[in-house]
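Q: Residue numbers (this note's numbering): 3 to 413. Idealized CB from N, CA, C, for every residue including glycine. What follows is a structure written as structure tokens; I'll ask about it next.
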Amino acid sequence: MIGLLLATLAACLLSSEARVVSRKDPVGGACILDLNTDLPKKNEPLFLQRSPSGSLDLVLPEMEGKRGVIALREGEQILISCPGKKNHLAITNSEASGASCKAGKTLSIDGSDYSSQDLDCSSRAGSTTRPTQKKCAGGKGIIVELGFDVEDSWIPMIETCHDVENSNSFYSVHTIHGAIMGGKVYRTTARPLFARGDSIFFKGFNPEHAYAQKNQKDVLARELGAANANKYLLSQKTFFLARGHLAPDADFLFSAHQFLTYFYVNVAPQWQSINAGHWLKVEDNTRKIAKSLGADLQVVTGTEGVLTLPAARGVKEIKLQGSRLPVPNHFWKVLRNTQDDSCIAFVSTNNPFLTSPPKTLCKDICAESKWPKLQDDLSKGYVYCCRYEDLKQAVPEMPNLTCKSVLRGDA
């Protein structure tokens, strides 16, 4: 049998679920390709297949025990693609090549047989950002799609609501495929550099320079005074502003999909002690519940407000590029189980210098909904749980979701 899950992601990520066509019989096939041992280690290509409608769909793996695999019948065809400028499949010198299963780890391409480990692209699979005309956040932002251009198809994987004028991203939306999360590719190469994306973003400045610690120190010194800047920016204590992912790379299955998350529109300034502290645990717990449920989770991750810190007189808002690129006051994440429309929202402070628990944006329901309490160390972030509708009242820029009940941590 086909041994594939096909996800059509061309539909809007908010208005519809990714279509998944799955087999009903156990994993089997003439070719079984393990994601972590049988694919190229350096420049992994995209694996696609034509749907009955003619569109290209990303191939998603299945679980065989504890490993993720691509399973193909003998003679079954897939498309192997290396999108991006001057990129190509090394063995054919073409951007995309059809391949068919022969046996084991061997695929036939243009009449020649190749091991699945030899399917390297000449460089990393190129992803791109595509601004749309769709408004979001009450008209404050536009929807930006992050995805792949392959032949005649556009394949979006992340949808971001971004305010171009203020270089501020309100939220990103993506899907975690819980049933196969345990078989994902574990990165074997270095993280890619972050990319600007379309030329309309971050006009007039380089976001890489804006995030540099030297610029952070200059901003804090200008807004708060030199003494305070030295107090707040302590690299050895991880007190510096990192590029905090909205849709995190670890939520995706293939290396090429993971690297797609490295666009500046998909990050916001987040204190590193929080990014690697309680917020990291929120991300880990998200993947754990998706795996436990074996369900597709719609995940929306966003920001709220602008962080203020004490200055010589009063408090000052912190922004990394003049009046642009604001440092959020909070990060939030909503999980929605697409099987039953149960939801939970997590909120984290973005201020490691708090000395007492803050006022919450919404009622904390972590205890009653059986989610871990992440409130013991304020420097790592103060995290609480809310009903989606309660947080939506406090953060009107959030997208509209269908949430019928609370998603419990012990589900």
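1) In chain order, which continuous runs of the beta strand (DSSP E) of length 3 or greater are located wholly inside the region 87–149?
2) Grab me the residues of R315's own chain with a C-beta within less than 8 Å of its C-beta, minus the 5 sequence neighbours each way, in chain order.
3) Where does G185 fall in DSSP's three states?
4) For the region 366–380 and the region 342–355, state whether three or more C-beta atom pairs, one from each stretch, are separated by less than 8 Å.
5) With a threshold of 16 other CB atoms inside 10 Å of the CB of N352, please say whether the residue is buried or exposed.
6) Can you list, in chain order, the residues of its chain whose CB lies under 7 Å from that of K68, leaving out five sequence neighbours each side?
7) By the three-class DSSP mapping on this structure, what secondary structure does K382 have?
8) Please report the residue range of the beta strand (DSSP E) in which E306 lies.
9) Just the C-alpha distance for K211 and N217, rounded to the nearest angstrom, thanks.
10) Under the rule that 16 or more other beta-carbon atoms within 10 Å means buried, what is P158, buried or exposed?
11) Per DSSP, R52 forms a beta bridge with which residues?
12) So, is T108 buried or exposed, given that buried needs 16 or more other C-beta atoms within 10 angstroms?
13) Kindly list the residues whose CB is nearer than 8 Å to the CB of G106, restricted to its own chain and excluding five residues on each side of it in sequence; keep chain order.
14) Grouping DSSP H, G and I as helix and E and B as strand, with all else coil, what is Y266?
15) Name, in chain order, the residues that DSSP records as bridge partners for M65.
16) Between the beta-carbon of S174 and the beta-carbon of H164, is there less than 7 Å?
17) Taking all protein chains shown into account, do 16 or more other C-beta atoms lie within 10 angstroms of the C-beta of I111, making it buried, or fewer, making it exposed?
18) Count the other CB atoms within 10 Å of the CB of N287; is the residue buried (16 or more) or exposed (fewer)?
19) I'd like the span of the alpha helix (DSSP H) that includes I276, first residue to last.
20) Report the residue from L255, S358, S129 whose alpha carbon sits nearest the alpha carbon of Y188.
21) I need the straight-line Cα distance from Q51 to E76, nearest angstrom please.
22) For D298, tell me which candidate among R338, T131, T305 has the shortest Cα-Cα distance.
23) Three-state secondary structure (DSSP) at I202?
24) What are the boundary residues of the alpha helix (DSSP H) that D416 is part of?
25) Short of 6 Å in beta carbon distance, which residues of its chain neighbour Y234, apart from the five on each side in sequence? Order them along the chain.
26) Within the region 202–268, note down every full alpha helix (DSSP H) run reaching 4 residues or more, in order along the chain.
27) Is the region 290–297 touching the region 262–272, taking contact as three or more C-beta pairs under 8 Å?
28) Considering only residues of the same chain and omitting the five flanking positions on each side of Q260, which have a CB-CB separation below 8 Å?
29) Just the C-alpha distance for F203 and D115, rounded to the nearest angstrom, thanks.
30) Under 7 Å Cβ to Cβ from K318, same chain only, skipping five residues before and after it: list those, please.
31) Assign S201 to one of two classes, buried (16 or more other C-beta atoms within 10 Å of its C-beta) or exposed (fewer than that).
A: Short version:
1) 98–105, 108–111, 114–117, 130–138
2) Counting from one through the sequence shown, the residue named residue 315 turns up at place 313. Cβ neighbours of R315 beyond the five flanking positions: none.
3) The count along the sequence shown starts at 1 and reaches residue 185 at position 183. Of the three classes helix, strand and coil, the one that applies to G185 here is helix, per DSSP.
4) yes
5) Here residue 352 corresponds to residue number 350 of the sequence shown, with the count starting at 1. Buried, since its Cβ has 16 or more Cβ neighbours within 10 Å.
6) Here residue 68 refers to the residue found at position 66 when the sequence shown is read from its first residue. Contacts found: G184.
7) On the sequence shown, position 380 is the one that residue 382 refers to. Reduced to three states, the DSSP call for K382 is helix.
8) Translated into positions along the sequence shown, residue 306 becomes position 304. Counting along the chain, the beta strand (DSSP E) containing E306 begins and ends at 298–306.
9) Within the sequence shown, the letter at position 209 stands for residue 211. Within the sequence shown, the letter at position 215 stands for residue 217. Strictly speaking, residue 211 in this sequence is His, with Lys absent from that position. Each residue's Cα considered, the two are about 7 Å apart.
10) One-based indexing of the sequence shown puts residue 158 at position 156. Burial of P158 is indicated by the presence of at least 16 other C-beta atoms within 10 angstroms of its C-beta.
11) Within the sequence shown, numbered from 1, the residue matching residue 52 stands at position 50. Beta-bridge pairing links R52 to L58.
12) Taking the first residue of the sequence shown as position 1, residue 108 is located at position 106. Label assigned to T108: exposed.
13) As a first step, residue 106 must be located in the sequence shown, where it is residue number 104. Excluding positions up to five away in sequence, the list reads A32, C33, I34.
14) Residue 266 sits at position 264 when you count from the first residue of the sequence shown. Looking at Y266 - three-state DSSP - the assignment turns out to be helix.
15) By 1-based counting over the sequence shown, the position of residue 65 is 63. In DSSP, M65 forms a bridge with G70.
16) If you number the sequence shown from 1, residue 174 lands on position 172. If you number the sequence shown from 1, residue 164 lands on position 162. No. Outside cutoff.
17) Residue mapping note: residue 111 aligns to position 109 of the sequence shown, counting from 1. Buried: at least 16 other Cβ atoms inside 10 Å.
18) Here residue 287 is taken as the residue at index 285 of the sequence shown, counted from 1. Buried: at least 16 other Cβ atoms inside 10 Å.
19) Locating residue 276 in the sequence shown gives position 274, where the first residue counts as 1. Run containing I276: 274–277, per the alpha helix (DSSP H) assignment.
20) Locating residue 188 in the sequence shown gives position 186, counting from the first residue. Cα-wise, what sits closest to Y188 is L255.
21) Here residue 51 refers to the residue found at position 49 when the sequence shown is read from its first residue. Here residue 76 refers to the residue found at position 74 when the sequence shown is read from its first residue. Answer to the nearest angstrom: the Cα atoms are 15 Å apart.
22) Here the question's residue 298 lines up with position 296 in the sequence shown. Among R338, T131, T305, the Cα nearest to that of D298 belongs to R338.
23) If you number the sequence shown from 1, residue 202 lands on position 200. Correct three-state label for I202: coil.
24) What the structure shows of the chain is the stretch from 3 to 413, and residue 416 is not part of that stretch, so it cannot be assessed.
25) Sequence index remark: in the sequence shown, residue 234 carries index 232 (1-based). Cβ neighbours of Y234 beyond the five flanking positions: L222.
26) Qualifying alpha helix (DSSP H) stretches, in chain order: 209–213, 215–226, 228–234, 257–261.
27) The region 290–297, when compared against the region 262–272, does not touch it at the 8 Å Cβ threshold.
28) Residue mapping note: residue 260 aligns to position 258 of the sequence shown, counting from 1. So the list reads V187, R189, D251, A252, F254, once near-sequence residues are dropped.
29) The residue labelled residue 203 in the question sits at position 201 within the sequence shown. The residue labelled residue 115 in the question sits at position 113 within the sequence shown. When rounded, the distance between both Cα atoms is 44 Å.
30) The residue labelled residue 318 in the question sits at position 316 within the sequence shown. Correct list, in chain order: E225, L226, T310, L311.
31) The sequence position of residue 201 within the sequence shown is 199, counting from 1. S201 is exposed by the Cβ-count criterion.
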